[in-house]
Amino acid sequence: MSGRSGRTRIIRTPEWTRPVPAVRREVLTASPEADEGKPPLLFVPGFGHGAWAFAENWLDHAASRAFPAYAVSLRGHGGSGAAPTATLRAYAHDVVQVAVSLPRQAVLVGHGAGALVVAYALARYPARAGVLVAPVFGGWGTFGAALRRNPAGTVPAVVGGALRLRRRQLFSRELPDAVAQTYTERLGRASTRAQWQLLIHRAPEPPVGKPPILVVGSPDDRVVPASALTRTARRYGVAPLLFPGMGHDLMLDARWREPIDAILDWLDKDLVG
Amino acid sequence: MSTHSEQESLEPAATLWRDGRPVYDRGDTICVIGAGASGLAAIKNLKEYGFGVDCYERETGVGGAWNWRHDRSPVYASTHLVSSRPLTEFPDFPMPDTWPDYPHHSLLLSYLERYADHFDLRPHIWFGTEVVRVEPADGERWDVTTRSTGGYGAERTSRYAAVVVANGHNWAPKMPAYEGLDEFRGQVIHASAYKDATQVRGKRVLVVGAGNSGCDIAVEAGQQAARCWHSIRRGYWYLPKYAFGRPADQVGHAAAALRLPLWLRQWLFHRALKLTVGDLTRFGLPRPDHRVYETHPIVNSQLVHYIGHGAITPVPDVARFTRTGVVLTDGREIEPDLVVLATGYLPRFEFLAPEILGTDAAGRPSLHLNMFPRRHPTLAVAGLLQPDAGLFPLVHWQAVMIARWLRLRELAPERARSFAARIAADTGERWNSAKVKESTRHWFEVGHVEYLRAVQRTLDELEVAA
Chain A
52 MSGRSGRTRI IRTPEWTRPV PAVRREVLTA SPEADEGKPP LLFVPGFGHG AWAFAENWLD
112 HAASRAFPAY AVSLRGHGGS GAAPTATLRA YAHDVVQVAV SLPRQAVLVG HGAGALVVAY
172 ALARYPARAG VLVAPVFGGW GTFGAALRRN PAGTVPAVVG GALRLRRRQL FSRELPDAVA
232 QTYTERLGRA STRAQWQLLI HRAPEPPVGK PPILVVGSPD DRVVPASALT RTARRYGVAP
292 LLFPGMGHDL MLDARWREPI DAILDWLDKD LVG
Chain B
13 MSTHSEQESL EPAATLWRDG RPVYDRGDTI CVIGAGASGL AAIKNLKEYG FGVDCYERET
73 GVGGAWNWRH DRSPVYASTH LVSSRPLTEF PDFPMPDTWP DYPHHSLLLS YLERYADHFD
133 LRPHIWFGTE VVRVEPADGE RWDVTTRSTG GYGAERTSRY AAVVVANGHN WAPKMPAYEG
193 LDEFRGQVIH ASAYKDATQV RGKRVLVVGA GNSGCDIAVE AGQQAARCWH SIRRGYWYLP
253 KYAFGRPADQ VGHAAAALRL PLWLRQWLFH RALKLTVGDL TRFGLPRPDH RVYETHPIVN
313 SQLVHYIGHG AITPVPDVAR FTRTGVVLTD GREIEPDLVV LATGYLPRFE FLAPEILGTD
373 AAGRPSLHLN MFPRRHPTLA VAGLLQPDAG LFPLVHWQAV MIARWLRLRE LAPERARSFA
433 ARIAADTGER WNSAKVKEST RHWFEVGHVE YLRAVQRTLD ELEVAA
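Chains as they are written, first to last, in the working numbering: chain A, 52 to 324; chain B, 13 to 478.
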């Protein structure tokens, strides 16, 4: 099923009868000096990362370009409440809950597996736009690539351990080792169930409200193979915007400014201007 | 209907005329009547599909019935939802998950206000403006005549490509006629005039009607009044708000999803009620004369509790009023100071000629999916449903359906014609698995899941590739 042509199912018994429980959610914010009426951006980190990953560079930069910027930590990550049994649905619920609490219709920006979470959230919340950064949509192909490149970090996840990413998968060599070291030390983990769901899950329903979609990535990403990036972009009928030479964590890598500027330019052109 | 374009224009914007009055052409814009939950959902979804929208709201704020400041609002101080949060919220704008399972009406209003702000709907709404007439014009368009609420100021007529009627159905009280009511010296009010418990404190109160508001008011009178009688015409099923430790409607929908046959679901439901609520005839309540799912459920955990405390006395139907009291159908005479008629509301479309909606003598319009009139493809009614769950999810999908339908008419007229033929041929299907009791209150009751199944089919049919 492709992102565009799937069907929105309106009978949602699991959501009606087993609502996701409330949890404390960490939301970090950067506000522009003056309100220019630009839509708020909600950044969604991938597995293991917290809102801090965006607070490092992207939040302030977006705010300096007049976009109110927010980043949420999915449950069980960063400063949000513990959730050892969380599912992808619970993560998407966290995103939608924060999005509807914002004063205006928001743009959702998901990174890594957070992009898959955003794809689920887009099927429920009519965002102004969706941005998928180095999207990890899972499936067996991604699993195979992970096994080849990082067997020691991947195998334990199969039996319920934490999925671990290596420093050189996440960052290019331009980022000083010491900085890369501090970032990898901050990584946490997603729940075991959510990790398994990366392998096997129902494809997200199409986005509601037909928002414009942008897919961003790096051909040198050692988590998301170029073929997977193209496949995800094709689901949404777009071509990926590429930043060669960067690692998987585009928001933390040495040249973090280039992708965020490209995203903000795209938003300025598509939504504001 | 006449269009004299050669006539001298009184105001520059008016280029059309109707009966000698100017008509302002709003082009492809769609008119939405009412800015309550249904109207807001209509504006939001039409806007999302790229339509221009003008909404007229007679009050000065959004929220319709849920805004207690509005004179037509039926809410009283203690009104809470009777369906739980996940079955009540708009599917694309969930309520905060930190809210209680059954939020208070003031939270509902804040929710609707946030919805209006989040999707920037207020610039589309003309507040303090009531719709006087909606009349068909050339080319399946509509002339909508408005004026300031209360009849001040001049009337103004604008021509729209389509009209969505979202004026609500809980504001025109249904007043039963009783013999001797005029002579009765006590106070008689309709439930719509009941606002809080101070009105019943220390009085001898008779509450007539066992709808959700009747039961709520009886419970308050049971706690506050000197005496409380609750007059019930027939036996009802009283559903608790919680069952097996969870909101009862969530348990019910989980069971419904198993797609068991109706008789089995009814049997299971009866068993569950017998075990939880128990046999109500012991308290003097009549035995239900129908099976569950056949009328709108009464959700009230407290009524049985206060009957058990002796604070509420169940009594049969009212036969007639006398100068000093009320005679019941079993011959008993009681002497209340205050009678609260919780006898429900009737839908009213005073701005539309009855034949447009195909309304029969009993006031029941004839609408496909409770929305589309037979012969007017550019007119739709939103929110005319009494579901066994929250209304907002249904109204949301109704609004999406209207938006898709109007788009399809533009982009694929051939497919649109076949849908229009189906609307015209509809024989008045009922969206309910059980045989629903005939009554002025029950005809627009729908089973939440049955209705959504029909809506899903229509949505899929109306979809146009982007």
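The beta-carbon is built from N, C-alpha and C at its ideal position, and this holds for glycine as well.
Worksheet item: Would H321 (chain B) be called buried (16 or more neighbouring beta carbons within 10 Å of its own) or exposed?
Response: exposed
Practice prompt. Kindly list the residues whose CB is nearer than 7 Å to the CB of R294 (chain B), restricted to its own chain and excluding five residues on each side of it in sequence; keep chain order.
Written response: None.
Worksheet item: The alpha helix (DSSP H) with I42 (chain B) in it runs from where to where?
Response: Looking at the DSSP string, I42 (chain B) is not in any alpha helix (DSSP H); the run it does join, the beta strand (DSSP E), is I42 to I45.
Worksheet item: Is the CB-CB distance between H408 (chain B) and F63 (chain B) below 8 Å?
Response: no
Fill in: Completely contained alpha helix (DSSP H) runs for the stretch 117-197 of chain A, where each covers 4 or more residues
139-152 and 164-173
Practice prompt. Please compile the residues from chain A whose C-beta is within a distance smaller than 8 Å of the C-beta of S110 (chain B).
Written response: Position check: residue 110 (chain B) holds Thr in this sequence, whereas Ser was assumed. Chain A residues near T110 (chain B): A73.
Item to complete: Ignore the nearest five residues each way along the sequence and tell me which others in P188 (chain B)'s own chain have a CB closer than 6 Å to its CB.
Response: Excluding sequence neighbours, P188 (chain B) sits near T355.
Discussion item. Which runs of the alpha helix (DSSP H) at least 4 residues long sit entirely within the stretch 66-109 of chain B? Give them in chain order.
Written reply: Listed in chain order, there is nothing to give.
Worksheet item: Roughly how many angstroms lie between the CA atoms of A178 (chain B) and E345 (chain B), to the nearest whole one?
Response: 43 Å
Fill in: Buried or exposed by the 16-neighbour rule on C-beta atoms within 10 Å, applied to S96 (chain B)
That one is buried.
Discussion item. Residues of the stretch 223-255 of chain A in Cβ contact with chain B at a cutoff of 7 Å, in chain order, please.
Written reply: none
Practice prompt. Tell me A255 (chain B)'s beta-bridge partners as DSSP assigns them.
Written response: B:R258
Worksheet item: What does T64 (chain A) touch in chain B if you count any residue whose Cβ is under 9 Å from its own?
Response: H265, A266, A268, A269 and V461
Worksheet entry | Per-residue burial, G264 (chain B) [other beta carbons within 10 Å of its own, 16 or more giving buried] | Here G264 (chain B) is buried. Its C-beta has 16 or more other C-beta atoms within 10 Å.
Practice prompt. Please list the partners that D104 (chain B) has in chain A, where partner means a Cβ-to-Cβ separation under 8 Å.
Written response: R175, Y176, P177, V259 and G260
Practice prompt. Quick one: measure Cβ to Cβ for A81 (chain A) and A117 (chain A), integer angstroms, because I've assumed they're closer than 8 Å.
Written response: With a contact defined as Cβ atoms closer than 8 Å, A81 (chain A) and A117 (chain A) miss out at about 11 Å.
Practice prompt. Identify the contact partners of S152 (chain A) in chain B, using a Cβ-Cβ distance below 8 Å as the criterion.
Written response: Here the neighbours are P108.
Fill in: Opposing strand residues paired with R199 (chain A) [DSSP bridges]
R199 (chain A) pairs with nothing; no bridge assigned.
Worksheet item: According to DSSP, which residues form a beta bridge with W537 (chain B)?
Response: Nothing can be reported for residue 537 (chain B), as the shown portion of chain B is limited to 13 through 478.
Worksheet item: Which of helix, strand or coil does DSSP assign to S430 (chain B)?
Response: DSSP places S430 (chain B) in helix when its eight states are reduced to three.
Worksheet item: Can you name the residues of chain B whose CB is closer than 8 Å to the CB of P70 (chain A)?
Response: Neighbours of P70 (chain A) on chain B, chain order: R97, P98, D109 and Q262.
Worksheet item: With C-beta atoms as the reference, is F456 (chain B) less than 8 Å away from Q398 (chain B)?
Response: With contacts defined as CB atoms closer than 8 Å, F456 (chain B) and Q398 (chain B) qualify as a contacting pair.
Discussion item. Please tell me whether F131 (chain B) has its Cβ less than 8 Å away from any Cβ of chain A.
Written reply: yes
Worksheet item: Should T91 (chain B) go down as buried or exposed, given a rule of 16 or more other Cβ atoms within 10 Å for buried?
Response: So T91 (chain B) ends up on the buried side.
Item to complete: Taking I368 (chain B) as part of the alpha helix (DSSP H), name the residues at either end of that continuous run.
Response: P366 to L369
Practice prompt. Find the nearest neighbour of R245 (chain B) within the set B:A174, B:V217 and B:P328, judged by alpha-carbon distance.
Written response: B:P328
Item to complete: Answer yes or no: do V476 (chain B) and A424 (chain B) have a C-beta to C-beta separation smaller than 8 Å?
Response: yes
Practice prompt. Put Y357 (chain B) into one of helix, strand or coil per three-state DSSP.
Written response: strand
Worksheet item: Tell me which same chain residues have a C-beta within less than 8 Å of the C-beta of E66 (chain A), skipping the five on either side of it?
Response: These residues qualify, in order along the chain: R140.
Worksheet item: Thinking C-alpha only, which one of B:V219, B:A174, B:N79 and B:V65 is nearest E347 (chain B)?
Response: B:V219
Practice prompt. Would you mind stating whether L353 (chain B) and V217 (chain B) have Cβ atoms separated by less than 8 Å?
Written response: no
Worksheet item: Just curious, the alpha helix (DSSP H) that L83 (chain A) is in, first and last residue?
Response: For the record, residue 83 (chain A) in the displayed sequence is Pro; it is not Leu. Element bounds for P83 (chain A): n/a, residue is neither H nor E.
Item to complete: Compile a chain-ordered list of the residues in the stretch 51-65 of chain B whose CB is closer than 7 Å to at least one CB of chain A.
Response: Cβ contacts with chain A come from E60.
Item to complete: Grab the span of the beta strand (DSSP E) containing S170 (chain B) for me, first residue to last.
Response: R168 to Y172
Worksheet item: If you check the beta carbons only, do V311 (chain B) and Q278 (chain B) fall under 8 Å apart?
Response: With a cutoff of 8 Å on beta-carbon distance, V311 (chain B) and Q278 (chain B) are scored as not near each other.
Worksheet item: Which residues in chain A sit within 8 Å of L471 (chain B), going by Cβ to Cβ distance?
Response: Per Cβ cutoff of 8 Å: T59 and I61.
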